[in-house]
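In what follows, a single structure is set out as structure tokens and then discussed.
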Amino acid sequence: MLPMVELTIFALGILLIDLMIPAGWKWINAVGAFVGVAFSALCVWEIQRALPRGAIGFYNSLLVDRFAIYFWYLFLAGAAISILMSVHYLDLEDENHGEYYSLLLMAVVGMMCMAAGIDIVLLFIGLELMAISTYVLVGFLRRDRRSNEAALKYLLLGAFSSGIFAYGLSLFYGISGSTNLAIIQRAVAAQSAHNPVVIIALLTTMVGLLFKIAAVPFHQWAPDAYEGAPTSITGFMSVAVKAAAWALLLRILVFGLYPLRSIYIPVIVFVSVATMTGGNFAALTQTNTKRLLAYSSIAHVGYMLLALVALGTSPIGSPGFNDGFKGILIYLLVYTFMNLGAFAVIASLRQRNVIGDEIDDMAGLYQRAPVEAVLMLLFLLSLAGIPPAAGFLGKYYIFLSLIESKHYALASLGVVYSLFGLYYYLKMANSMLMSAPMEEGRMPVSFGMRCAVGVAALATIVIGVFPEPFIRGVNWSLNIAQSPHVAAMVK
Amino acid sequence: MQNHILSVILFTPLVGAFILLFVPKENKDAIRWMANIFALVGFLISLPLVPMFWAQRFEVTPSHFKFLEGTANNWIPSIGAGYNLGIDGISFLLIMLTTLLGWISILCSWTAIENRVKEYYVWFLVLQTGMLGVFMALDFFLFFVFWEAMLVPMYLLIGIWGGPRKLYAAIKFFLYTLLGSVLMLLGILYLYFHHHAVTGVFTFSIPELYKTAPLIPFNIAIWLFVAFFIGFAIKVPMFPFHTWLPDAHVEAPTAGSVILAGVLLKMGTYGFVRFSLPFFPGVVSHPKVQGWVIGLSLVGIVYGALVSLMQKDMKKLVAYSSVSHLGFCTLGIFALNSAGLTGSVLQQINHGISTGALFLIVGILYERRHTREIAEYGGISNVMPIYATITMIMFLSSMGLPLLNGFVGEFTILQGAFVANWRWAAWAAPGVVLAAAYLLWLYQRVFFGTVTNPKNEKLHDLTPREILTFAPLIIMALWIGLYPKPFFQILEQPVNQLVQTIHDGSNLNAPANAQIAPAPAVVVTNVVTKASN
Chain A
11 MLPMVELTIF
21 ALGILLIDLM
31 IPAGWKWINA
41 VGAFVGVAFS
51 ALCVWEIQRA
61 LPRGAIGFYN
71 SLLVDRFAIY
81 FWYLFLAGAA
91 ISILMSVHYL
101 DLEDENHGEY
111 YSLLLMAVVG
121 MMCMAAGIDI
131 VLLFIGLELM
141 AISTYVLVGF
151 LRRDRRSNEA
161 ALKYLLLGAF
171 SSGIFAYGLS
181 LFYGISGSTN
191 LAIIQRAVAA
201 QSAHNPVVII
211 ALLTTMVGLL
221 FKIAAVPFHQ
231 WAPDAYEGAP
241 TSITGFMSVA
251 VKAAAWALLL
261 RILVFGLYPL
271 RSIYIPVIVF
281 VSVATMTGGN
291 FAALTQTNTK
301 RLLAYSSIAH
311 VGYMLLALVA
321 LGTSPIGSPG
331 FNDGFKGILI
341 YLLVYTFMNL
351 GAFAVIASLR
361 QRNVIGDEID
371 DMAGLYQRAP
381 VEAVLMLLFL
391 LSLAGIPPAA
401 GFLGKYYIFL
411 SLIESKHYAL
421 ASLGVVYSLF
431 GLYYYLKMAN
441 SMLMSAPMEE
451 GRMPVSFGMR
461 CAVGVAALAT
471 IVIGVFPEPF
481 IRGVNWSLNI
491 AQSPHVAAMV
501 K
Chain B
80 MQNHILSVIL
90 FTPLVGAFIL
100 LFVPKENKDA
110 IRWMANIFAL
120 VGFLISLPLV
130 PMFWAQRFEV
140 TPSHFKFLEG
150 TANNWIPSIG
160 AGYNLGIDGI
170 SFLLIMLTTL
180 LGWISILCSW
190 TAIENRVKEY
200 YVWFLVLQTG
210 MLGVFMALDF
220 FLFFVFWEAM
230 LVPMYLLIGI
240 WGGPRKLYAA
250 IKFFLYTLLG
260 SVLMLLGILY
270 LYFHHHAVTG
280 VFTFSIPELY
290 KTAPLIPFNI
300 AIWLFVAFFI
310 GFAIKVPMFP
320 FHTWLPDAHV
330 EAPTAGSVIL
340 AGVLLKMGTY
350 GFVRFSLPFF
360 PGVVSHPKVQ
370 GWVIGLSLVG
380 IVYGALVSLM
390 QKDMKKLVAY
400 SSVSHLGFCT
410 LGIFALNSAG
420 LTGSVLQQIN
430 HGISTGALFL
440 IVGILYERRH
450 TREIAEYGGI
460 SNVMPIYATI
470 TMIMFLSSMG
480 LPLLNGFVGE
490 FTILQGAFVA
500 NWRWAAWAAP
510 GVVLAAAYLL
520 WLYQRVFFGT
530 VTNPKNEKLH
540 DLTPREILTF
550 APLIIMALWI
560 GLYPKPFFQI
570 LEQPVNQLVQ
580 TIHDGSNLNA
590 PANAQIAPAP
600 AVVVTNVVTK
610 ASN
């Protein structure tokens with residue numbers, strides 16, 4: 011609990027301090043939030059050392075296993091980079107308020123509950139805490155119409171999907187008589203697979219989950235929300251919020267509802283193909299960078315769902331299962347850095363009088379900010395999965411698990427779609443490196459933004475060239491996620 | 080004893096690129112000097128490899144590779160990838176070609192590149208490392224990283240410093256080659272799992288995979304062969320996968336074209352020799368598969384030559400002639416005998432020298448007149464006599480005149496093809512004739528006669544720097560043409576090894592009632608047989 015409590019304290023503290031600091035000193039809020047994240051990370055590290063085998067607590071609803079710890083680090087890293095991106099950006103938007111950082115930290119608390127919860131009530135509370143904080147953050151630019159529109163759309167659709175999700179969970183409660191995932195797992199396993207209640211419960215739960223990860227056909231909210239939100243929040247949503255949704259999905263589908271995999275895997279196959287198709291085709295024609303990256307992130311969800319297929323069709327603990335699991339975890343790790351990096355560069359295009367989110371705004375970026383342009387190229391190539399950038403490692407594991415579980419057709423489809431990806435990423439690269447700039451002069455980039463881009467680039471390169479420690483880290487978090495030890499603890 | 084010469088050769092250009100990053104970009108001449116020095120050092124540093132390799136050219140090592148570096152799985156132990164380097168006679172020659180052409184193309188860019196000079200040289204040096212890595216890697220993961228990473232600098236060279244349609248050409252180049260390589264990646268992963276299934280070890284080590292890959296049953300191996308084949312055939316490029324080549328060549332800057340034709344295309348043929356043949360000996364020696372590939376090669380030879388004949392743009396002409404010449408290379412490879420393979424590798428080197436020089440020649444006229452239309456020229460030999468002489472030598476070398484390098488390569492390939500099936504040689508021979516036709520006709524239109532276009536009257540002849548770029552190429556062309564014996568000796572051991580592998584392995588993944596459509600070469604052969612009856 012401690013990392014979450016700490017973040018909550020900092021979140022509330024920032025609200026108080028914000029009242030006291032004058033207008034020009036709002037960066038203190040950012041520092042406060044950053045320190046909060048750092049303390050929280052330190053705390054996670056202490057937990058990791060003190061409880062090497064994990065622990066369960068809070069009336070059997072919170073399971074701090076390595077899976078949870080892995081995701082906690084991921085959320086904290088995403089939040090830290092987003093905070094770095096935000097400082098100067100919010101000044102430019104004239105919306106530098108303490109609530110922003112406070113909400114950001116609260117969202118992280120919600121995510122942590124989603125990654126560690128094994129009780130559906132806690133999971134749902136975590137989900138809503140995260141979602142409500144993000145609704146507000148998306149609409150944070152209250153004088154900007156697009157931001158308001160995005161927030162409203164996101165709120166309506168999000169609330170709707172949460173309702174469906176809650177409905178599914180309530181049916182599972184009805185089936186098992188418990189809110190604990192482990193007990194649900196046993197109850198579901200005892201049920202006949204053709205029990206209509208089970209199927210309805212499964213499908214409604216899945217709709218909620220697929221909505222949260224923005225899989226086709228539940229993706230319509232994503233492009234609008236991504237486009238309208240402040241760019242720093244778009245970056246945060248596309249990595250941390252998405253990773254949290256994935257953690258929730260894995261907890262529920264792979265842990266709680268694992269006995270039902272023969273029912274949900276065909277659905278996942280369909281959804282993953284639809285997601286890759288929809289995301290990639292829609293991204294081809296975009297002219298707005300934020301929308302383009304929104305659709306591309308939908309496509310990336312499709313690839314990750316492929317790994318879920320490989321995982322679900324292999325026996326538990328087999329190499330196919332492990333590699334599929336690793337594929338998703340590594341993909342989320344590299345995606346955090348490369349996508350945040352890309353959004354950080356886009357955010358730095360926001361200047362006093364330029365909104366900067368059209369592809370044409372990137373034209374000639376190389377002449378105006380060479381370092382950012384070259385690093386953006388790195389992020390784009392990484393997103394396209396070109397080695398030695400880190401993105402290749404994620405794709406590698408996904409295709410590895412597919413070949414391993416003998417899904418040759420899906421693997422071929424996946425690699426062909428990755429060519430689409432390359433095309434639209436190169437469209438941005440072309441504009442950036444090969445067109446003449448619209449205006450002369452160097453583009454000023456703030457220090458915080460430089461740090462954000464630099465950290466993301468460093469991580470992208472290091473994970474790509476020296477992946478060994480990171481793969482070990484993922485293996486480590488995998489070990490316990492499915493071990494009998496955890497099963498024993500849950501009882 | 081570990082010998083690190085390969086790593087030194089591999090990373091010298093990259094270190095150069097890194098140092099170059101710290102030179103202020105306003106200082107263009109300093110950047111040019113430094114880039115040229117790095118490129119020259121990159122070439123000179125590879126020269127000690129020649130006597131070292133020569134001394135052990137006939138030695139047979141257990142893995143068939145020499146100058147081994149790194150141990151298995153030392154890079155990413157969790158997935159079994161290692162930083163392993165090693166060469167044999169085939170990759171040795173290609174490495175020397177790469178370092179030589181890398182230096183020449185950087186030298187020839189001195190005046191051609193005027194804007195964004197620093198970036199240009201940085202990317203060029205990075206490209207150099209990527210290409211060398213492809214030829215040295217003995218680990219499939221490492222190989223794939225170099226194979227794909229090298230696309231990025233080439234894409235930028237075409238896209239930033241290219242001609243009017245550069246964006247289109249750059250994206251087309253990147254997408255096309257990536258399509259091939261991702262399919263190859265799936266093939267690699269299958270081999271990786273197959274190796275694990277047989278031995279219980281996960282490894283990407285190529286010498287290890289050599290032992291297990293031929294055991295894959297034919298009906299699966301054929302699909303793997305296709306996955307690899309598309310990847311390499313796009314790179315070569317073989318007909319009908321060649322359409323990216325003219326675009327990329329026409330739009331690329333001169334030095335980019337030299338490297339593209341001289342080295343990048345060889346990666347495809349290298350892939351066939353290094354992977355397709357020893358991994359799938361049963362598939363490649365299956366008559367129908369062999370017939371299909373040879374058929375495509377023959378079509379490529381004739382088609383490329385015919386299209387060259389019709390070109391109005393000099394660079395496009397040279398680009399299509401590459402399709403024709405590379406058709407000879409694949410013909411030699413899939414003749415599957417030692418003469419064909421030796422000739423093919425030698426012809427790859429020759430093509431790098433001759434076609435590299437042809438692109439330089441076109442580039443020199445383009446730099447002076449900014450047009451490549453053949454109709455714009457005429458009577459150039461009157462104003463640029465040295466240039467005309469050098470051009471003649473290189474044209475003759477490219478069309479395969481005896482005493483020059485092209486002849487040796489093409490003759491050996493045709494010899495190999497003849498041994499395998501005389502009709503293949505008969506169908507390939509018109510390619511040689513057509514090559515003479517399009518090159519001599521081009522020469523006649525550009526160089527002979529009086530100067531018809533007044534703009535051409537004031538052209539100045541080659542500068543000493545430009546002569547220097549041609550000198551090594553002419554020397555190599557004469558050397559291979561007059562005394563090719565050392566090259567044959569270098570290739571003898573790896574080629575014999577390869578032929579032996581194919582011979583031994585042809586029954587391993589032997590066809591089990593495989594149904595494949597009749598191959599065009601077989602059809603052609605049947606038609607010919609009927610006609611002669």
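Those protein sequence lines, which keep their order, are chains A and B. Converting from the first sequence to the working numbering requires adding 10 to each position, the first position being numbered 1. Converting from the second sequence to the working numbering requires adding 79 to each position, the first position being numbered 1. Idealized CB from N, CA, C, for every residue including glycine.
What would DSSP say about residue i, mapped onto helix, strand or coil?
i, result
"residue 371/A", "helix"
"residue 166/B", "strand"
"residue 679/B", "Nothing about residue 679/B can be reported from this structure: the residues present for chain B run from 80 to 612 only."
"residue 127/A", "strand"
"residue 223/A", "coil"
"residue 194/B", "coil"
"residue 190/A", "strand"
"residue 145/B", "strand"
"residue 99/B", "helix"
"residue 296/A", "coil"
Nearest CA to the CA of residue i: which residue from the options?
i, options, result
"residue 173/A", "263/A, 359/A, 135/A, 421/A", "135/A"
"residue 206/B", "584/B, 462/B, 321/B, 335/B", "335/B"
"residue 283/B", "91/B, 223/B, 95/B, 138/B", "223/B"
"residue 391/A", "163/A, 419/A, 430/A", "430/A"
"residue 93/A", "78/A, 42/A, 57/A, 64/A", "42/A"
"residue 296/B", "247/B, 361/B, 256/B", "361/B"
Could you check the C-alpha separation between residue i and residue j for me, to the nearest Å?
i, j, result
"residue 116/A", "residue 126/A", "16 Å"
"residue 322/A", "residue 182/B", "53 Å"
"residue 465/A", "residue 363/B", "49 Å"
"residue 460/A", "residue 226/A", "34 Å"
"residue 447/B", "residue 467/B", "15 Å"
"residue 81/A", "residue 265/B", "29 Å"
"residue 35/A", "residue 453/A", "24 Å"
"residue 189/A", "residue 129/A", "6 Å"
"residue 581/B", "residue 430/B", "26 Å"
"residue 233/A", "residue 244/A", "10 Å"
"residue 566/B", "residue 423/B", "12 Å"
"residue 1/A", "residue 315/A", "Only positions 11 to 501 of chain A appear in this structure, which leaves residue 1/A out of reach."
"residue 249/B", "residue 393/A", "19 Å"
"residue 149/B", "residue 143/A", "52 Å"
Show which residues of chain A have a CB atom less than 7 Å away from the CB atom of residue i.
i, result
"residue 191/B", "Those within 7 Å of residue 191/B in chain A number zero; the least Cβ separation is about 18 Å."
"residue 231/B", "391, 396"
"residue 272/B", "413, 414"
For residue i, which residues in chain B fall below 8 Å Cβ to Cβ?
i, result
"residue 425/A", "261, 262, 264, 265"
"residue 398/A", "224, 228"
Is any non-hydrogen atom of the ligand MG found closer than 7 Å to the C-beta of residue i, if you look at the structure I gave you?
i, result
"residue 441/A", "Within the structure as shown, the ligand MG is missing, as the structure has no ligands at all."
Quick one: list the residues of chain A neighbouring residue i, beta-carbon separation under 9 Å, in chain order.
i, result
"residue 268/B", "406, 409, 410, 412, 413, 414, 421"
"residue 238/B", "436, 439, 440, 443, 444"
Under 7 Å between beta-carbons, which chain B residues line up against residue i? List them in chain order, please.
i, result
"residue 477/A", "155"
"residue 433/A", "250, 254"
"residue 428/A", "261"
Residues of chain C with CB under 8 Å from residue i, in chain order?
i, result
"residue 481/A", "This model lacks chain C altogether; the protein chains it does include are A and B."
Going along chain B, which residues have a C-beta under 9 Å from residue i?
i, result
"residue 485/A", "157"
4 or more residues per run - each alpha helix (DSSP H) lying fully within the region 219-280 of chain B: Taking only runs of at least 4 residues, the alpha helix (DSSP H) segments lying wholly in the region 219-280 of chain B are 219-228, 230-240, 245-278.
What are the complete alpha helix (DSSP H) segments, minimum 4 residues, inside the region 489-548 of chain B? If only complete runs of 4 or more residues are kept, the region 489-548 of chain B shows the alpha helix (DSSP H) at 501-526, in order along the chain.
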